[in-house]
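These notes are about the structure you will find just below.
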Amino acid sequence: MQQVVDRPSPPRWQAQGVRWTSLDILWIALLPATLLIALNTRTIEPNDYWWHVRTGQIIITEHRIPVVDEFSFSQAGTPWMNQAWLMQSALFILHRSGGLPLVLMTHALVITLGYALVLRSSIRSSGLKAGVIASYVGAAVAFRSWGVRPQSISFLWFGALIALIESHRKNKGRQIWWAVPLFVLWGNSHGGFVFGLAVLGLYICGQLWTLWSNRSIASRATKAFELIALGGASIVALSLNPQGFLGNIVYIAGFLKSDATLRGNLEFAPITVRTPAGALFFASLLIFAAALSTSKKRPEADQVAGVLIFAFFTLFSRRSAPWYGLVLIPPLASLMQPLIPTHRPEKQKPLLNGTLLIFLGIGVVLSTPWLRNAFPWLAEQKPIVSHMTPIRATAFLCSHIPAEGARIYQHQAFGSYQEWACPTHPVFIDTRIELYPQEQWEDYLVINNARYDWEKITQRYGFTHLFLSVSDQQTAISAVRSSPRWREIYSDERAVLFERTDAPKNSREQGDPRS
487 MQQVVDRPSP PRWQAQGVRW TSLDILWIAL LPATLLIALN TRTIEPNDYW WHVRTGQIII
547 TEHRIPVVDE FSFSQAGTPW MNQAWLMQSA LFILHRSGGL PLVLMTHALV ITLGYALVLR
607 SSIRSSGLKA GVIASYVGAA VAFRSWGVRP QSISFLWFGA LIALIESHRK NKGRQIWWAV
667 PLFVLWGNSH GGFVFGLAVL GLYICGQLWT LWSNRSIASR ATKAFELIAL GGASIVALSL
727 NPQGFLGNIV YIAGFLKSDA TLRGNLEFAP ITVRTPAGAL FFASLLIFAA ALSTSKKRPE
787 ADQVAGVLIF AFFTLFSRRS APWYGLVLIP PLASLMQPLI PTHRPEKQKP LLNGTLLIFL
847 GIGVVLSTPW LRNAFPWLAE QKPIVSHMTP IRATAFLCSH IPAEGARIYQ HQAFGSYQEW
907 ACPTHPVFID TRIELYPQEQ WEDYLVINNA RYDWEKITQR YGFTHLFLSV SDQQTAISAV
967 RSSPRWREIY SDERAVLFER TDAPKNSREQ GDPRS
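The opening residue of the sequence shown carries number 487 in my numbering; numbering runs sequentially from there.
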């Protein structure tokens, strides 16, 4: 006897033509519009964006991908694997073509499209309301990970991969083979490909287990071979990068082997319920557990395994949170579908629906980076460039401090902007945390915290200038102001710049920063 599968009835926008003022269209528009407004009003922090754009500038204008460190004096010439070269190039082209507003708008569109692909897939398999609600839950977990940097593209690639997997789960078509060229792009644009490969691997293993448990692997050997070939082709696709076959493996392993990254990078720290992002993560787990225990439907085994495995990753590293959120959406939508009433009101309210849609559209338009500066309160609270970015101080540094012989200790976050705005002056340290040894980070913190021996560290590295943050390094600023060996040559509301009064006359008299 053939089993009858309970499938949600298609929304009216799929079954027949509907007016744009229908409730279904309003539901569909909610998530993309909300995401666009939230992402359009993001602020570009000083930490990462600028060194990525500077690297993209080198790639585009000099037609080469840096393979050693060229930004710092402390690790100059050290081998450096730059896996995100394709996205860095794209960021520089956008920056050069339309400035920061174009970068921000593209960033918003890319992330929104990634979630929209998963939303579309979940609506098709689990119904409109279940798909939208589950997508909101999954997106909320990731809101702290929407910074403007190469990681943006991983939201699109991850969303596209999940959509391909869910389409294959339902129809068993050949569209899933689009995952192979997707991994070619992903392997050259951001390290999030490792999470995508894990999701695809879970799906392939789940499908092979289904074939085996149904005792049909012999009769369906072709399907099993195609799944295995898909996995192999995806791995080979990731080898198509300038670093070669093992390049991406070495790149990921570099993060895991770096003591400085594991100890000092907050993105690799365990998630905690005491933060808003952590509270949302644990709330999403409770929602999933509640739906799993009460729903009549059961997700596929690989979907549940994906949620649990990625939740485990997130417990130990908050950097996994956005990928956990995307993996969560399809199974959560499936579980929620029987729990949501399917009754539709007889009478639609097109005027109300249309009004809300218009307001959503106006909100999206007004939030765009080109228009947000028209509202002084928004420009002040949500500037395109973060208030922490030392724009004027870096300009002073670049114009008043000779590059020859200068060795500048700067706030970690300042390094990235200095590399873009003043590339003639190498930095001591920046946010490429894995590049610098743990001992150097410890020396950085000695000065940052103004420990009793901080001046010995400045002498050992031969620092000629200290470039300190007003908001984050007040202890260091007070200590330096009290020292007769330093004089203040510049200050504003963001940064203070000190010059050493007994600085060496030339770079040959300076200490070796690696000693």
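Just so it is clear, CB atoms sit at the ideal spot from N, CA and C, and this is done for glycine as well.
Once the 5 residues before and after residue i are set aside, which same chain residues still bring their CB inside 7 Å of it?
i: aspartate 998; result: At aspartate 998 the pLDDT is 47, less than 50, meaning the model places this residue with poor confidence; the figure from the coordinates comes in the next sentence. Once the five neighbours on either side are set aside, aspartate 998 has no close Cβ partner at all.
i: alanine 797; result: Leu771, Tyr810
i: arginine 878; result: Asp978
i: leucine 688; result: Asp788, Ala791, Gly792
i: glutamine 904; result: Thr880, Gln896, His911, Val913
i: glycine 840; result: Thr507
i: leucine 821; result: Ala777, Leu778, Ser781, Lys783, Pro785
i: leucine 588; result: Leu580
i: valine 680; result: Ile738
i: serine 872; result: Thr529, Ile530, Glu531, Pro532
i: leucine 647; result: Ala665, Leu668, Gly682, Val685, Leu686
i: lysine 709; result: Leu697
i: phenylalanine 557; result: Trp537, Glu905, Pro912, Val913, Asp916
i: alanine 628; result: Ala807, Pro808, Gly811
i: threonine 800; result: Ile757, Phe767, Ser806, Ala807, Tyr810
i: leucine 713; result: Ile690, Gln693, Leu694
i: cysteine 908; result: Thr880, Leu883, Cys884
Grab the span of the alpha helix (DSSP H) containing residue i for me, first residue to last.
i: glutamate 925; result: 924-934
i: tyrosine 535; result: 535-548
i: serine 779; result: 762-780
i: phenylalanine 798; result: 787-802
i: serine 955; result: Not the alpha helix (DSSP H): serine 955 falls in the beta strand (DSSP E), residues 951-955.
i: threonine 944; result: 940-947
i: tryptophan 809; result: 807-822
i: glutamate 712; result: 707-724
i: alanine 962; result: 960-967
Enumerate in chain order the residues of its own chain whose CB-to-CB distance from residue i is below 8 Å, with the five nearest sequence positions on each side excluded.
i: glutamate 941; result: Ser969, Arg971
i: methionine 567; result: Val553, Gln729, Gly733, Val736, Tyr737, Gly740
i: glycine 645; result: Leu599, Gly600, Tyr601, Ala602, Leu603, Val604, Leu812
i: threonine 917; result: Asn533, Asp534, Trp537, Gln898, Ala899, Gly901, Ser902
i: leucine 572; result: Leu671, Asn674, Ser675
i: lysine 868; result: Thr527, Arg528, Thr529, Arg858
i: histidine 886; result: Ile975, Tyr976
i: threonine 564; result: Val554, Asp555, Leu921
i: aspartate 988; result: Arg971
i: isoleucine 662; result: Leu650, Ile651, Ser653, His654, Leu716
What are the boundary residues of the beta strand (DSSP E) that includes residue i?
i: tryptophan 972; result: 972-977
Leaving out the 5 sequence neighbours to the left and right, which residues in its chain are closer than 6 Å to residue i when beta-carbon positions are compared?
i: tyrosine 930; result: Ile915
i: alanine 819; result: Ser608, Ser612, Ala616, Gly617, Ala620
i: isoleucine 943; result: Asp929, Val932, Ile933
i: glutamate 985; result: His951, Arg973, Ile975
i: isoleucine 826; result: Lys615, Ala616
i: arginine 706; result: Leu697
i: arginine 606; result: none
i: phenylalanine 802; result: Pro756
Sort out for me which residues DSSP pairs residue i with in a bridge.
i: threonine 986; result: According to the sequence as given, residue 986 is arginine; it is not threonine. In the DSSP output, where bridge partners are listed per residue, arginine 986 has Trp972.
i: serine 558; result: Val913
i: leucine 509; result: Answer by DSSP bridge pairing: none, since leucine 509 is not bridged.
i: proline 565; result: Val554
i: alanine 981; result: Ser955
i: isoleucine 735; result: DSSP, once it has assigned bridges, lists no residue as partnering isoleucine 735.
i: isoleucine 919; result: Beta-bridge pairing links isoleucine 919 to no other residue.
i: isoleucine 1052; result: For the chain, the structure presents residues 487 to 1001; residue 1052 sits outside this window and is missing.
Between residue i and residue j, how many whole angstroms is the CB-CB distance? I'm expecting something under 8 Å.
i: threonine 910; j: proline 532; result: The pair is not a contact, with the Cβ atoms about 19 Å apart (cut-off 8 Å).
i: isoleucine 639; j: leucine 686; result: Going by Cβ atoms, the distance from isoleucine 639 to leucine 686 rounds to 17 Å, so no, they are not a contact pair.
i: tryptophan 906; j: valine 539; result: 6 Å
i: alanine 594; j: leucine 525; result: 3 Å
i: phenylalanine 953; j: alanine 981; result: 6 Å
i: proline 855; j: leucine 521; result: At roughly 15 Å, the Cβ-Cβ gap does not stay under 8 Å, so proline 855 and leucine 521 are not in contact.
i: glycine 624; j: leucine 814; result: 5 Å
i: serine 720; j: phenylalanine 669; result: 5 Å
i: serine 560; j: glutamine 926; result: 6 Å
i: glycine 542; j: leucine 577; result: 5 Å
i: leucine 837; j: alanine 519; result: Rounded, the Cβ-Cβ distance is 19 Å, inconsistent with contact.
i: leucine 983; j: leucine 512; result: About 53 Å separates the two Cβ atoms, so there is no contact after all.
In chain order, each alpha helix (DSSP H) run of at least 4 residues that lies wholly inside the segment 675-704: 679-699
Ranges of the alpha helix (DSSP H) found wholly within the segment 609-675, counting only runs of at least 4: 614-626, 638-657, 665-672
I'd like the ranges of any alpha helix (DSSP H) spanning at least 4 consecutive residues and lying wholly in the segment 846-914. At a cut-off of 4 residues, the continuous stretches assigned as alpha helix (DSSP H) that sit fully inside the segment 846-914 are 855-858, 862-867, 877-886, 898-907.
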